[in-house]
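J.:
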Amino acid sequence: MSQATRSLTKRDVQKAAFFWHMTSHLTYNYQRLQAGAMATIMGPILEKLYPNDKEKMKEGLQRHMLYFNTEPRWGAVLPGMAVALEEGLAKDDSNELDASIITELKTALMGPLAGIGDTVWAGLIKPIILSITLGWAMEGYVWGAWAYGIGVTILDFVVTYAMFMRGYKLGMDSVDRFLEGGFIKTVTTFLGIVGLFCLGAMIVKYVSVGAVYKLTLSTGVISLGTLADKIVPKALPLLVTLLAFWLLSKGKKVTFVLLVLFVVGFVGGALGILG
Amino acid sequence: MIQALLMGLLALLNGIQGPYHWYFFREPVMAGFWVGLIYGAPVEGVIIGATINASYLGWISAGGANASDLYWAGLLGTFVAIKGGMSIETAVAFAVPIGLLGNYVHVAYMTIASLVPVKMDAYAERGDWKGIRRLQFLGGPTVVLFLRAIPVFLIAYFGSEYIQILINAIPTWAMSGLTAVGKMLLALGMAMLMKFMFKKNLLPFFVLGFGVAAYSGMTDLLLYAIIGVCLAVILIKLGFGKDNEKEAL
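Okay, structure coming up:
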């Protein structure tokens, strides 16, 4: 078979990127996580690369049914690369390439990319957009909710698509070059500055717990809340947040911190100290 | 009946795993909108959903392990709040046990869906890629239908009249306790986020944001986003990120 028929068109790769975007988590599960999605996008690719070759199709599908899990957006660079590697493998008539390199590369890189992707997407981009739009929504503007939904959906698609196509282009070059470029590092620093700056203001905006305890003295009534606000405004919200942050960075589970806050708040509120 | 059916449908859309479902149905602010729409109070729903949402700002599902269930905290949290006519703070406190309960549903989902790859392997053995694709499209959503959509339908159909009775039975001191919890829990969202972003050398930006907001009282976050972007652009141009690397070494 000539090499020309074994080439993928840009459309094939675009279609795979779109399928990845749509199906990466549709049947997410503990056993294989995103393997089903990987095999799903590879089906049409393998069909194109090995028309009517049942044996190759079987090998390929089994290769991609192996455990796979990464961050679906920034991590889309990996399925993109895998598509390129499959194409390289199919074109390699000298049989120098070993199919196991695809699995090795996926396994080696899915962890680091998941870490980077989660930090950048779930830890930085999504919360920043969310915190701005939630402010509108809390004031009763319905479009605030929709601004979030539409905005994040577009961003999700753009990032996923761009990363997938970039991964395809990187192909055999390996993902190191992509990471060495310092691109992710700059993005992380950039969003870290914006994120922490906004976070400081968000505590003031959203965490509204205050001290409502009133001391009755012979000279009059002293409100503890007003007193505290004179020293540092919004000190209590800051302290509660830092307490939760401290517990989390001590490695406590979120559920544990949740219960601590629940108990402290409930007791404080029931006794009329917090409100 | 129709409202309960719509709630069931909403729970299905809310539970399916995909970008459109995540952003338009799962996120509590949007779930709140839909629940509000079903019960004729979309604005109220958005406000309640947004407040519950703020407690989950740093929410993340790494490898399918959840802290608390975002899906039901927003959906059923708003439902209970609207049907029980409770204050927003109390609604946030109520969303906590619902979220913890929903977490078991998520674990059950991930476990049951683990049966699907067994069948997929069989398809792979035969080289049937269309079979794998069909399972990938239908497997997860079918599990969601049974684990999330049907229970929510039943809760909405049978439960709504009991919610009001339940809320009325709660004593005043417990209500003020729950209200305080509702105000406290938002700190968890901030803390989870902070754990992600925090780096020692970025601490001044956090203090700056808090200080400006606390003393000036200006809390429009778009303002902070704009200033933050400008700060970041300027500092990175001046080589801020590169200095870090040297320090780290």
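Chain order of the listed sequences is A and B. Its first residue numbered 740, the first sequence is counted upward by one per residue in the numbering used here. Its first residue numbered -2, the second sequence is counted upward by one per residue in the numbering used here. Every residue, glycine too, gets a C-beta built ideally from N, C-alpha and C.
(1) Is residue 953 of chain A helix, strand or coil when you go by DSSP?
(2) Closer than 8 Å, CB to CB, is residue 1 of chain B near chain A or not?
(3) Within a Cβ cutoff of 6 Å, which residues of the same chain sit near residue 1027 of chain A, ignoring the five residues on either side of it in sequence?
(4) Between the region 842 to 874 of chain A and chain B, which residues of the former have CB atoms less than 7 Å from a CB of the latter, in chain order?
(5) Would you mind giving the Cβ-Cβ distance between residue 42 of chain B and residue 54 of chain B, rounded to the nearest angstrom? I have them listed as a contact below 8 Å.
(6) Which whole-angstrom value describes the C-beta separation of residue 819 of chain A and residue 906 of chain A, a residue pair presumed to lie in contact below a C-beta threshold of 8 Å?
(7) Mind pulling the chain D residues with CB within less than 8 Å of residue 127 of chain B?
(8) Classify residue 741 of chain A: buried if its beta carbon has 16 or more other beta carbons within 10 angstroms, exposed otherwise.
(9) Could you tell me which of B:30, B:226 and B:74 sits nearest to residue 153 of chain B, measuring between CA atoms?
(10) Note down, in chain order, every chain A residue with its Cβ under 7 Å from the Cβ of residue 196 of chain B.
(11) Locate the alpha helix (DSSP H) running through residue 35 of chain B, then write down its first and last residues.
(12) State the Cα-Cα distance for the pair residue 984 of chain A and residue 185 of chain B, rounded to the nearest angstrom.
(13) What is the rounded straight-line gap between the Cα of residue 845 of chain A and the Cα of residue 821 of chain A?
(14) Can you give the Cα-Cα distance for residue 1010 of chain A and residue 172 of chain B, rounded to whole angstroms?
(15) Cα separation between residue 1014 of chain A and residue 982 of chain A?
(16) Could you check what DSSP says for residue 12 of chain B in three-state terms: helix, strand or coil?
(17) With a threshold of 8 Å on Cβ separation, who are the neighbours of residue 904 of chain A within its own chain once the five nearest residues in sequence on each side are excluded?
(18) Would you please state the rounded distance, in angstroms, between the beta carbons of residue 9 of chain B and residue 146 of chain B? I believe it to be under 8 Å.
(19) Given that residue 962 of chain A touches chain B, what residues does it touch there, using C-beta distances under 9 Å?
(20) Do residue 747 of chain A and residue 797 of chain A have their CB atoms nearer than 8 Å?
(21) For residue 1008 of chain A, which residues from the same chain have a beta carbon less than 7 Å from its beta carbon, with the 5 sequence-adjacent residues on both sides left out?
(22) Given the structure, does residue 878 of chain A come close to the ligand FAD, in the sense that its CB is under 7 Å from one of the ligand's heavy atoms?
(23) The region 796 to 826 of chain A: which residues have C-beta closer than 7 Å to a C-beta of chain B, in chain order?
(24) Does residue 793 of chain A have its Cβ less than 8 Å from a Cβ in chain B?
(25) Which residues in chain B have a C-beta closer than 7 Å to the C-beta of residue 942 of chain A? List them in chain order.
(26) Would you please verify whether the beta carbon of residue 757 of chain A is less than 8 Å from any beta carbon of chain B?
(27) Along the alpha helix (DSSP H) that carries residue 1004 of chain A, what are the first and last residues, could you check?
(28) Assign residue 227 of chain B to one of two classes, buried (16 or more other C-beta atoms within 10 Å of its C-beta) or exposed (fewer than that).
(29) Using the rule of at least 16 other Cβ atoms within 10 Å of the residue's Cβ for burial, across every protein chain shown, is residue 791 of chain A buried or exposed?
(30) Taking one C-beta from the region 14 to 26 of chain B and one from the region 848 to 860 of chain A each time, how about it: are there three or more such pairs within less than 8 Å?
(31) Based on the DSSP output, what are the partners of residue 807 of chain A in its beta bridges?
(32) Shortest alpha-carbon distance to residue 98 of chain B belongs to which of B:69, B:125 and B:0?
(33) Run the CB neighbour count on residue 180 of chain B, radius 10 Å, all protein chains shown included, and call it buried at 16 or more, exposed below.
(34) Return the bridge partner residues of residue 960 of chain A from the DSSP annotation.
(35) Any idea what DSSP makes of residue 788 of chain A, helix, strand or coil?
(36) Relative to the alpha-carbon of residue 46 of chain B, which residue among A:799, A:876, A:801 and A:773 has its alpha-carbon at the smallest distance?
T.: Per the coordinate set shown:
(1) strand
(2) no
(3) Residue 1027 of chain A lies beyond the range of chain A shown here (740 to 1014); nothing can be said about it.
(4) 857, 858, 861, 862, 863, 866, 867, 869, 870, 871, 873 and 874
(5) Incorrect: roughly 19 Å between the Cβ atoms, too far for contact.
(6) 3 Å
(7) The chain labelled as chain D is not found among the protein chains of the depicted structure, namely A and B.
(8) At residue 741 of chain A, the pLDDT of 47 sits below 50, so the modelled position is not reliable; the number obtained from the coordinates is stated separately. The residue in question, residue 741 of chain A, is exposed, as its Cβ has fewer than 16 Cβ neighbours within 10 Å.
(9) Ranking the options by Cα distance to residue 153 of chain B, first place goes to B:74.
(10) Those are 931, listed as they occur along chain A.
(11) Residue 35 of chain B: member of the alpha helix (DSSP H) spanning 25 to 35, first to last residue.
(12) 8 Å
(13) 7 Å
(14) Distance between the alpha carbons of residue 1010 of chain A and residue 172 of chain B: 11 Å.
(15) 18 Å
(16) helix
(17) Around residue 904 of chain A: 752, 753, 756 and 819.
(18) For residue 9 of chain B against residue 146 of chain B, the beta-carbon gap comes to about 4 Å, under 8 Å, which counts as contact.
(19) None at all; the shortest Cβ gap to chain B is about 16 Å.
(20) no
(21) 1014
(22) No copy of the ligand FAD occurs in the structure displayed, which carries no ligand at all.
(23) Only those residues of the region 796 to 826 of chain A whose C-beta falls short of 7 Å from the nearest C-beta of chain B are listed: 796, 797, 800, 801, 804 and 808.
(24) yes
(25) 187 and 207
(26) no
(27) Note, residue 1004 of chain A: alpha helix (DSSP H), 993 to 1009.
(28) exposed
(29) exposed
(30) no
(31) A:772
(32) Ranking B:69, B:125 and B:0 by Cα distance to residue 98 of chain B puts B:69 first.
(33) buried
(34) A:955
(35) Here residue 788 of chain A carries a helix assignment [DSSP, helix/strand/coil].
(36) A:876
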